[in-house]
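Reviewing the structure listed below.
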Amino acid sequence: MGATTIPAKLKKSQVDGSAVIDFDTDVLRCMLVVAGASAPNVSKSGVQFVSDVVAANAEVTGTGYARQTLAGVTVAFASGTDTVEFSFSDITFLQNPAGFTNARYAVFYKRVGADDSTPADDPVFAIADLDSDRSVQSGDLVLKAPTGGLINWP
Amino acid sequence: MTVAFQDLFNGVDGTDLAAHTPDIGTGWSKVVDTGSTTQAIQLDGNGAAELSVTENNQRVIYTAETAAPLPAEYDITITIDNVSAGTNDKMQVFARFIDDNNWYCMDIGTPADSNNCRLVVKQNGSVTILQQVTNDPDIGDVYKLEIRNAVKRVLKNGVEILSSNDNSITSAGKAGFGYGNSVVSTDDAQTGPRIRDFLVETLDSAVTLTLNQVAWAASGLSVLVNVRAFLSLANSSWQYVNQMLGINAISVISLLQTNWSWGSQATDINARLVQVLGQTLYSWAGVPLPVNADLLLLMQQVSWNIAAENILVNARNYFSFNVATWSTAGNALLSNARSAINLSQDTWEWAKQSLSVTGSLATVVSAAEWFWRGAQTSIFGLGFCADDRNMKSDHIACMTPDQAWDEEAHS
């Protein structure tokens with residue numbers, strides 16, 4: 006599996022308080038985007054909000070596709086260490102014969118407001134490279150957080 | 011999708027499907043035949059399947075036998091080979107068929123019928139029409155019955171025409187098809203309707219992707235540096251946590267960070283010619299440090315704090331420690347240098363650890379103060395100089411290759 010990255014702007018906004026995420030209480034979501042011309046730019050001149058991501062990497066389309074809210078979110082110390090781990094339950098995008106075929110990146114973000122209608126204020130906190138275009142036309146697509154969580158703070 | 015069963019209905023005209031081997035799958039079973047005379051679904055000799063005889067207000071059903079039981083979610087696709095010009099001449103495609111009283115089906119009538127496409131469930135003998143539409147079938151139309159726990163759909167030529175969220179029958183059952191009055195008692199089992207290319211597909215296994223973990227700080231990674239000529243790490247501040255640094259350089263390594271903090275990671279440094287560790291501040295904890303240099307090794311830290319780790323130094327020609335303050339506790343220093351070793355710290359405090367120094371040519375120990383307690387010390391060298399103004403040790407044994415010299419004999 007490809008790398009998971011954290012946008013530099015998210016780190017800064019988290020530290021300076023301009024767009025803070027409370028990882029165990031905020032509504033955190035996962036969306037899928039296409040490969041586009043290149044991977045989303047996670048440098049300090051790159052993406053910060055959902056609107057920044059979809060400007061270059063369009064969200065997938067297909068029957069049955071919907072963004073998923075993360076469930077089973079945990080923020081806890083790793084056993085026996087001082088490392089803080091952020092994890093969640095498996096995310097499943099259901100099979101659909103007319104579903105998407107070209108999901109390349111999973112984008113994790115905080116939804117600000119009651120819905121996803123204001124992507125310019127929804128901060129992206131992680132982008133996972135799915136290695137290749139993924140389809141749900143013949144089977145479910147399940148995204149699993151690794152042992153120790155998707156993000157950790159050593 | 012994975013094909014679990016397929017029959018193109020090729021074979022001798024008039025062959026009962028029960029005696030016919032499908033293209034994929036193990037066979038067909040006639041499970042329902044309500045007529046007073048025996049009816050069969052048979053090959054028509056042209057790649058289709060039809061009833062052998064007509065009986066009004068009756069039905070015949072065959073199930074497709076697969077090599078392995080079907081999962082609960084699957085698709086059944088058929089192509090219309092012929093439709094009747096009359097009314098009530100029905101054909102059905104069944105899913106989750108348990109028995110004649112429990113199943114799902116798509117029920118296809120004739121262009122002369124209204125509501126000639128229906129999505130139906132029969133549970134415990136009770137028929138429920140989940141959804142119906144008038145959408146005339148024609149020769150060549152492709153119908154798909156899609157069975158999912160969440161939704162049942164009928165698609166005609168790829169377009170959804172019926173759907174339902176009903177999931178009252180959850181068992182996988184079998185796939186099948188038939189003709190006649192399975193839905194409406196007055197429908198007929200006529201020889202006119204025919205189907206071809208009966209296909210059952212199951213879902214592929216879910217693709218599970220375990221995402222890669224990312225650390226919020228720039229740590230938790232391994233750094234491996236391999237250079238042939240020269241490596242200089244001269245960052246003003248370097249913080250490395252929980253990762254390994256592996257450095258292999260053929261000629262020169264120069265580590266000249268002003269501030270180097272290293273914790274809980276393993277470090278492996280190999281240099282053939284020259285290795286200079288010249289950090290102003292060097293903090294090292296809980297990890298082994300093996301250093302191997304063929305020619306020259308210089309460690310010139312202003313402050314070196316090492317705790318609870320082992321240091322193994324192998325330098326072929328020259329080995330020099332010029333640390334202004336060296337505090338080492340509970341660790342072992344093993345130094346093997348073929349030509350020269352120069353230990354010239356201003357203050358050297360060493361407690362409860364072993365020191366083993368072997369120099370082929372010269373060994374110079376010139377610490378201004380040397381405190382050595384509770385440890386075995388052995389120094390071997392062709393030439394040896396202990397130039398300390400204040401040497402304190404519970405036990406020191408310094409030996410040339412031909413002579414042993416112990417502290418008691420010279421006390």
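Protein sequence lines, in the order shown, are assigned to chains X and H. Position in the first sequence (first residue = 1) + 5 = my numbering. Position in the second sequence (first residue = 1) + 10 = my numbering. Even glycine gets a Cβ: it sits at the ideal position worked out from N, Cα and C. Quick caveat: nothing in here was measured; it's all calculated off a predicted structure.
Checklist entry - What's the gap between the Cα of D117 (chain H) and the Cα of T88 (chain X)? => result 60 Å
Item to check | Classification of T47 (chain H) by the beta-carbon crowding that lies within 10 angstroms, buried from 16 upward | outcome: exposed
Next on the checklist: DSSP three-state label for P124 (chain X), please.
Outcome noted: helix
Checklist entry - Nearest to V93 (chain H) by CA position, among H:S174, H:K166 and H:T120, is which residue? => result H:T120
Item to check | Contacts that M6 (chain X) makes with chain H (C-beta to C-beta distance below 9 Å) | outcome: L219, T220, L221 and N222
Checklist entry - Does the beta carbon of M116 (chain H) sit closer than 8 Å to a beta carbon anywhere in chain X? => result no
Checklist entry - What does D145 (chain X) touch in chain H if you count any residue whose Cβ is under 8 Å from its own? => result L213, A216 and V217
Checklist entry - How far does the beta strand (DSSP E) with D134 (chain X) in it reach, from first residue to last? => result V129 to R139
Next on the checklist: Count Cβ pairs between the segment 32-41 of chain H and the segment 62-73 of chain H that sit closer than 8 Å; are there 3 or more?
Outcome noted: yes
Item to check | Chain-ordered chain X contacts of A225 (chain H) [CB-CB under 8 Å] | outcome: I156, N157, W158 and P159
Checklist entry - According to DSSP, is K161 (chain X) helix, strand or coil? => result This structure cannot settle anything about residue 161 (chain X), because the visible part of chain X is limited to 6 through 159.
Item to check | CA nearest to the CA of R116 (chain X), picked from X:T106, X:V129, X:G153 and X:T68 | outcome: X:V129
Checklist entry - If you run the structure through DSSP and keep just helix, strand and coil, what is D27 (chain X)? => result coil
Checklist entry - Using a Cβ-Cβ distance under 8 Å, would L148 (chain X) count as near chain H? => result yes
Item to check | L153 (chain X): contacting residues in chain H (beta-carbon distance under 8 Å) | outcome: The sequence as given places Gly at residue 153 (chain X); Leu does not occur at that position. Near G153 (chain X) (Cβ distances below 8 Å), the residues of chain H are Q223.
Next on the checklist: Report the start-end ranges of each alpha helix (DSSP H) in the segment 38-62 of chain X that is 4 residues or longer and not cut off at the edges.
Outcome noted: 55-61
Checklist entry - Under the rule that 16 or more other beta-carbon atoms within 10 Å means buried, what is G154 (chain X), buried or exposed? => result buried
Next on the checklist: For Q141 (chain H) and N112 (chain H), which I take to be in contact (beta-carbon distance under 8 Å), what is that distance rounded to the nearest angstrom?
Outcome noted: So it is not a contact: roughly 19 Å between Cβ atoms.
Item to check | Alpha-carbon spacing of A225 (chain H) relative to T12 (chain H), whole angstroms | outcome: 39 Å
Checklist entry - Between W272 (chain H) and chain X, is there a C-beta pair that is closer than 8 Å? => result Note that W272 (chain H) has pLDDT 39, beneath the 50 cutoff, so the model's placement of it is unreliable and no number is given.
Item to check | Cβ-Cβ distance between T74 (chain X) and S92 (chain X) below 8 Å | outcome: no
Item to check | Enclosing beta strand (DSSP E) for D91 (chain H) [first to last residue] | outcome: Y84 to N92
Checklist entry - According to DSSP, what are the bridge partners of I171 (chain H)? => result According to DSSP, I171 (chain H) bridges with nothing at all.
Checklist entry - I think L148 (chain X) touches D95 (chain X), with their Cβ atoms under 8 Å apart; what is that distance to the nearest whole Å? => result 7 Å
Item to check | Any chain X beta carbon closer than 8 Å to M443 (chain H) | outcome: Outside the shown range of chain H (11 to 421) lies residue 443 (chain H), about which nothing can therefore be said.
Checklist entry - Is the Cβ-Cβ distance between E60 (chain H) and T201 (chain H) less than 8 Å? => result yes
Checklist entry - Would T30 (chain X) be called buried (16 or more neighbouring beta carbons within 10 Å of its own) or exposed? => result exposed
Checklist entry - Can you round the beta-carbon distance between V65 (chain X) and F105 (chain X) to whole angstroms, since I take them to be within the 8 Å contact cut? => result 4 Å
Checklist entry - Taking only beta-carbon atoms, is T9 (chain X) less than 8 Å away from chain H? => result yes
Checklist entry - Considering Y189 (chain H), what are the terminal residues of the beta strand (DSSP E) in which it resides? => result K184 to G190
Next on the checklist: Using the Cβ count rule (16 or more neighbours within 10 Å means buried), how would you classify G183 (chain H)?
Outcome noted: buried
Checklist entry - According to the Cβ coordinates, are S192 (chain H) and Q49 (chain H) closer than 8 Å? => result no
Item to check | For N222 (chain H) and A108 (chain X), believed in contact at Cβ under 8 Å, the rounded distance | outcome: That pair is no contact at about 16 Å.
Next on the checklist: Going by DSSP, what residue range makes up the beta strand (DSSP E) through E64 (chain X)?
Outcome noted: Neither: E64 (chain X) is in no beta strand (DSSP E) and is coded neither H nor E.
Next on the checklist: If distances are taken between C-alpha atoms only, which option among H:I139, H:G150 and H:Y189 comes closest to D176 (chain H)?
Outcome noted: H:I139
Item to check | Minimum Cβ-Cβ distance from A77 (chain H) to chain X less than 8 Å | outcome: no
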